[in-house]
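Top line first, the protein sequences correspond to chains R and Z. Counted the way our numbering counts, the first sequence spans residues 315 to 602. Counted the way our numbering counts, the second sequence spans residues 1208 to 1887.
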Amino acid sequence: MLLLLTVAIPLGLDLYLPTPEDNPLTIENIEQGRRLFFDRRLSRDGTISCSSCHDPDRAFSDDSPVAVGIAGRQGHRNSPALINRGYGRLFFWDGRLTTLEAQVLKPIEDPNEMDLTLPEAAARVNLPPEEISRALASFVRSILSGDAPYDRYINGDRNTLSREQQLGLQIFRGKGNCTACHVGPNFTDEKLHNTGIAWRDGRLADEGAGLGNFKTPTLREIARTAPYMHDGSLATLEDVVDFYDGGGRPNPHLDSEIRPLRLAAGEKKALTAFLRALNGVIQEGALH
Amino acid sequence: MKQTRMRIATALLGTLLALPVAAPAQMKPEVALRAAMETETVKGDLKGAIEQYKKIAQGSDRVIAAKALVRMAECYAKLGDAESRKIYERVVREFADQKEAVTTARARLGSAAAKGAGIVVRQVWAPALDTEGAPSPDGRYLSFVDWSTGDLAIRDLTTSENRRLTNKGPWSASEEFALYSSFSPDGKQVAYAWFNAPSQQSWELRIVSAAAGTEVSKPRILYRDGDIDYIQPADWSADGKQILALMRRKDRTHQIAMVSVADGSARILKSFDWRAPMKMSLSPNGRYIAYDFPPKEDSPERDIFVLAADGSRESTVVQHPANDASPVWTPDGKGILFASDRTGAMGAWLTTMDGKAQRPPDLIKADIGRMAPMAFTRSGSLFYGLMIGNINVYIGKLDWATRKLQEPLKSVSEHFTGFNGSPDWSPDGRHLAYFSRRSFLNTPGSTVVCVLTLDTGQEKELRPELAYIGGLRWSPDGQALFLWGTDGKGRKGIFQIDATLGTLTPIVATGEDFRHPLPSPDGRLLYYRSSRAIVRDRETGREEELLPAGRLFINYWTLSRDGSQLALLVSQLESKSTAIYVMPARGGEPRQIIALPDISGQVLDWEPDGRGLVFARARNSELWRISTEGGKPEKLDLTMFNMRLLRLHPDGQRIVFNAGEPKSEVWAMENFLPTLTAIK
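What follows is the structure, given as structure tokens:
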């Protein structure tokens, strides 16, 4: 583990954690952000906070297929895991925002989520919206997952992955073509792809970023973040592997990297076993 | 008594040891000059010689003093020290009566002046065996790879002698080799990448002593990891405790890392996708890493970034639509020199640094060629490599009856000559496709595919999204081209591009090093090879192995016009020869036609009637033919240095091939960092 001023960087992640110049990572900001993250006053009826859909016990994700906001209002996309988002370049499933500072305010304003205007939110917590944004972004930036069996394996401890998981890693990088999108320390290229998951009954049920493209999610802590995909339509990791093994869902805009894999049953099992080795240590908050 | 004798002996020894240093001042001037020259040329001790020349130059003998000054200036020049210029100027100014010395000094100054205002640009080594090493901090040595064996070596720039630092044996004994190297700050060690072929095809970061000795030192493996696909050193920290390195993971992504020299532990600073910095440089205070990287996903051009070595921040220091690459920190840490094509041609530029860029960069040297900066010496000489290629595509016409050229060879393109190759005729014979490398970067768009319409002379350029293109072949319908190379995600394979639009379709991109795709005449099958030979059914995607890995070491192959036979150029290591084989295209036993020690690689094509094959001998400089039934080969009337990838036109008479070779040189640029005088 390496120390970066105010947060500890776990094994497997870059020491360089991108931070905007106008929002340096300070202990005060992170702590302020943590308080706001759990503060139900940021929802209209005071029933939910950010943590309601981004549960720390589920790698800051949610077990509902789609997010559920105040008064049981349903969103139309799955709550993504808020881990290692400090390394992100696109935010939301459709990648419509490029900074955490902009992203963290949107759920507060979303009628299907917390349903507050920013002035209302500011008044409730007695902080200007810009400060809410900086604090929440700082806290989210401090949520890091690493030091997984995979990280220890690639750093030289060859005993941390079982033989089946090692086979799974080979498939992940080779026959499975998973690394065409899930690459780097955070297992995402931070890009948009059409896997066909939104293609239903001959049309796109959700355009995403356009033409059915959605952002590649991280695979870290993947075993803790079911259900899967932008719409939470796949319940298990096995379902996800089956989906890709079949070549996604054919549609006119299917990404050229998605094609039938024809994995054997044992290979699919190994791949799933490897994905479980991406569960590591989740930490949040500042160093004291 | 015993003690006294020992004291006397010690005193005598002290006197003897002191003699070589004390002697010059007491010698006659000409004797002292000879002694100093011996120090310079025999011992190779430039700094020691400079001290001796300084004392001699203070003497009253103006002939000797002038000669000493000229020699001293040349010593400084060899060390990459701009002081040489000042001394030449002094000779011209103060020794007008010493014609020989003044003539020499004027010549040196003149050549420097001709290169540009104040800047001295000098050729250090040409032709160079390698340009991916670095100068020693004092500028006396240059590390490089001796490609005759693949060993790491250093060149003494004062004596032009090369000395190997590793000793792996000949290629026939070992396929291991070194790549990229960097001197430690004290000049005593060299860090380098080592391809450890026998053990899992892996790369290691190694360190070896640069000290002279009768035997090479045992290298130390600093970093080796089964999850690393590749690692190369970029720079050392000033205290010699860390090595800045670039790693490529097994998922083909790249990382900047600092590797501890003490224990080999690696600290990952920043990860990238499939693209990588081409050059990285550590600031003299060890706090900042300068590197180049494309600012956008689809950009072949690069900008310059500075990353804090503690991971705390990063900033873009050179941002420009042009290609800005290969940053190197100046020795005082106040600037970053980089290569840029912002004027339309590659030049050397300098941006001033104080944590961030303060003003627009200054052009230091315009139109410098395909420059690859290596490193600065302590005194401010920038060593850089230059790629000077003369590879071009040539067309000729052969009369098969007389075996003679019917008209002189003609080069296909007058543009971007030097790096054009892999030509192929379209099936209707009306077009010629070839690739042209426009940049030394292996990034998508850096190599273009040119399609020349022979009747009109019009040329179209296609820019497939491939990071590297190795070669090409037309599809039988003339609508597409098959390429082998590496895609934007670092996957090697066989690709197809639309001959009109250039749109790319991968055919097989598993990462296996497949090369030389050959379509069958009906387009149903596609042949390609790595260490094994494959035929693929284009409709079903089913692959069939024609030859298993290791059965034959195929260098090159070609398909007969009727698609029935494959001709192979095969390396036969045991007999140190190259053989030509012919085998049925749908599989079967290869039949050897001929084997000779001087058959060259990558020239092989079928004669129009399919009864003979043309091939090259004598380092690809002579064209020969042989019947497919064997027999005595016949020499054709075509000689050209280093011919490759010859293709016969569908008319059976015209031929096209590329010829020439890439050349490397090492140069030094100095006297452009005046503020460095204070830190010498």
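Note that the Cβ used here is the ideal one computed from N, Cα and C, for glycine as well.
Per-residue burial, residue i [other beta carbons within 10 Å of its own, 16 or more giving buried]
| i | result |
| --- | --- |
| valine 1249 of chain Z | exposed |
| glutamate 1504 of chain Z | exposed |
| asparagine 1599 of chain Z | buried |
| leucine 317 of chain R | For leucine 317 of chain R, the predicted structure reports a pLDDT of 48, less than 50, and the residue's modelled location is therefore unreliable. A value from the coordinates is still provided. So leucine 317 of chain R ends up on the exposed side. |
| alanine 1229 of chain Z | Legend: pLDDT at alanine 1229 of chain Z = 35, less than 50; position of this residue unreliable, value from coordinates given subsequently. So alanine 1229 of chain Z ends up on the exposed side. |
| lysine 1769 of chain Z | Checking the displayed sequence, the identity of residue 1769 of chain Z turns out to be aspartate instead of lysine. Aspartate 1769 of chain Z should be labelled exposed. |
| histidine 602 of chain R | exposed |
| lysine 1293 of chain Z | exposed |
| serine 1533 of chain Z | buried |
| arginine 1214 of chain Z | Residue confidence for arginine 1214 of chain Z is low, a pLDDT of 35 falling below 50, so the modelled location carries little weight and cannot support an answer. |
| histidine 1622 of chain Z | exposed |
| glutamine 1439 of chain Z | buried |
| serine 1350 of chain Z | buried |
| asparagine 1888 of chain Z | Outside the displayed range of chain Z (1208 to 1887) lies residue 1888 of chain Z, so it cannot be described from this structure. |
| asparagine 565 of chain R | buried |
| leucine 1780 of chain Z | exposed |
| proline 1755 of chain Z | exposed |
| asparagine 473 of chain R | exposed |
| alanine 1564 of chain Z | Below a pLDDT of 50, predicted positions are generally treated as unreliable, and alanine 1564 of chain Z, at 49, falls in that range; the measurement from the model is reported next regardless. Alanine 1564 of chain Z is buried by the Cβ-count criterion. |
| aspartate 1858 of chain Z | exposed |
| threonine 352 of chain R | Correcting the residue identity first, residue 352 of chain R is phenylalanine in this sequence and not threonine. So phenylalanine 352 of chain R ends up on the exposed side. |
| glycine 1221 of chain Z | At glycine 1221 of chain Z, the pLDDT of 34 sits below 50, so the modelled position is not reliable; the number obtained from the coordinates is stated separately. Exposed: under 16 other Cβ atoms inside 10 Å. |
Which residues DSSP lists as bridging residue i, in chain order
| i | result |
| --- | --- |
| phenylalanine 588 of chain R | In the DSSP output, where bridge partners are listed per residue, phenylalanine 588 of chain R has none listed. |
| proline 1342 of chain Z | Z:Leu1349 |
| glutamate 1751 of chain Z | Z:Val1742 |
| aspartate 1499 of chain Z | Z:Ile1511 |
| glutamate 1614 of chain Z | Z:Lys1604 |
| histidine 1723 of chain Z | Its beta-bridge partners do not exist; DSSP assigns none. |
Short Cβ contact (7 Å threshold) for residue i with residue j
| i | j | result |
| --- | --- | --- |
| serine 1586 of chain Z | tryptophan 1536 of chain Z | no |
| valine 1658 of chain Z | serine 1643 of chain Z | no |
| alanine 1273 of chain Z | glycine 1266 of chain Z | no |
| threonine 1584 of chain Z | glycine 1346 of chain Z | yes |
| glycine 561 of chain R | threonine 509 of chain R | no |
| alanine 1582 of chain Z | proline 1791 of chain Z | no |
| serine 1547 of chain Z | alanine 1529 of chain Z | yes |
| arginine 354 of chain R | serine 363 of chain R | yes |
| glutamate 415 of chain R | serine 447 of chain R | yes |
| methionine 1234 of chain Z | isoleucine 1257 of chain Z | no |
| alanine 1674 of chain Z | alanine 1687 of chain Z | no |
| asparagine 398 of chain R | leucine 458 of chain R | yes |
| glycine 409 of chain R | leucine 506 of chain R | yes |
| leucine 1679 of chain Z | leucine 1690 of chain Z | yes |
| isoleucine 1442 of chain Z | leucine 1451 of chain Z | The residue you asked about is not isoleucine; residue 1442 of chain Z is aspartate in the sequence shown. Their beta carbons are under 7 Å apart, which means aspartate 1442 of chain Z touches leucine 1451 of chain Z by this criterion. |
| histidine 567 of chain R | leucine 525 of chain R | yes |
| alanine 436 of chain R | proline 443 of chain R | yes |
| phenylalanine 1590 of chain Z | alanine 1333 of chain Z | no |
| lysine 489 of chain R | tryptophan 407 of chain R | no |
| arginine 1854 of chain Z | aspartate 1816 of chain Z | no |
| aspartate 328 of chain R | serine 1478 of chain Z | yes |
Distance cut-off 6 Å: residue i Cβ against heavy atoms of the ligand NAD
| i | result |
| --- | --- |
| proline 1344 of chain Z | With respect to the ligand NAD, the structure shown offers nothing to examine, as it has no ligands at all. |
- What are the complete beta strand (DSSP E) segments, minimum 3 residues, inside the region 1562 to 1599 of chain Z? 1569 to 1572, 1577 to 1583 and 1589 to 1596
- Message: Output needed in chain order: residues of the region 466 to 487 of chain R with a Cβ under 7 Å from some Cβ in chain Z.
- Response: Hits within the stretch, in order: Ile468, Gly470 and Arg487.
- Residues in the region 1474 to 1489 of chain Z having any Cβ partner in chain R nearer than 7 Å: Considering only beta carbons, the part of the region 1474 to 1489 of chain Z lying closer than 7 Å to chain R consists of Arg1474, Ile1475, Leu1476, Lys1477, Ser1478 and Asp1480, in chain order.
- Message: Under 9 Å, CB to CB, which of the residues in the region 1517 to 1548 of chain Z have a partner in chain R?
- Response: Asp1517, Gly1518, Ser1519, Arg1520, Glu1521 and Ser1522
- Item | Positions along the region 492 to 515 of chain R whose CB lies within less than 7 Å of some CB in chain Z | Thr493, Ala494, Val497, Gly498, Pro499 and Asp503
- Report the residues of the region 1429 to 1461 of chain Z with a CB closer than 8 Å to any CB of chain C, ordered along the chain. This model lacks chain C altogether, as its protein chains are R and Z.
- Got a sec: which bits of the region 1681 to 1705 of chain Z sit with their beta carbon under 7 Å from any beta carbon on chain R, in order along the chain? So the close ones are Lys1696.
- May I have a chain-ordered list of the beta strand (DSSP E) segments no shorter than 3 residues that lie completely inside the region 1402 to 1463 of chain Z? 1409 to 1416, 1427 to 1431, 1435 to 1443 and 1449 to 1456
- What residues in the region 318 to 331 of chain R have a beta carbon less than 9 Å from any beta carbon of chain Z? Leu318, Leu319, Ile323, Gly326, Leu327, Asp328, Leu329, Tyr330 and Leu331
- Positions along the region 1492 to 1516 of chain Z whose CB lies within less than 8 Å of some CB in chain R: Glu1504, Leu1514 and Ala1515
- Which runs of the beta strand (DSSP E), 3 residues or longer, sit entirely within the region 373 to 433 of chain R? none
- Task: Write down every uninterrupted run of the alpha helix (DSSP H) in the region 315 to 355 of chain R whose length is 4 residues or greater and which is fully enclosed by it, in chain order.
- Result: 341 to 351
- Message: List, from N- to C-terminal side, the beta strand (DSSP E) runs of 3 residues or more that fit wholly inside the region 458 to 528 of chain R.
- Response: The qualifying runs are 458 to 460.
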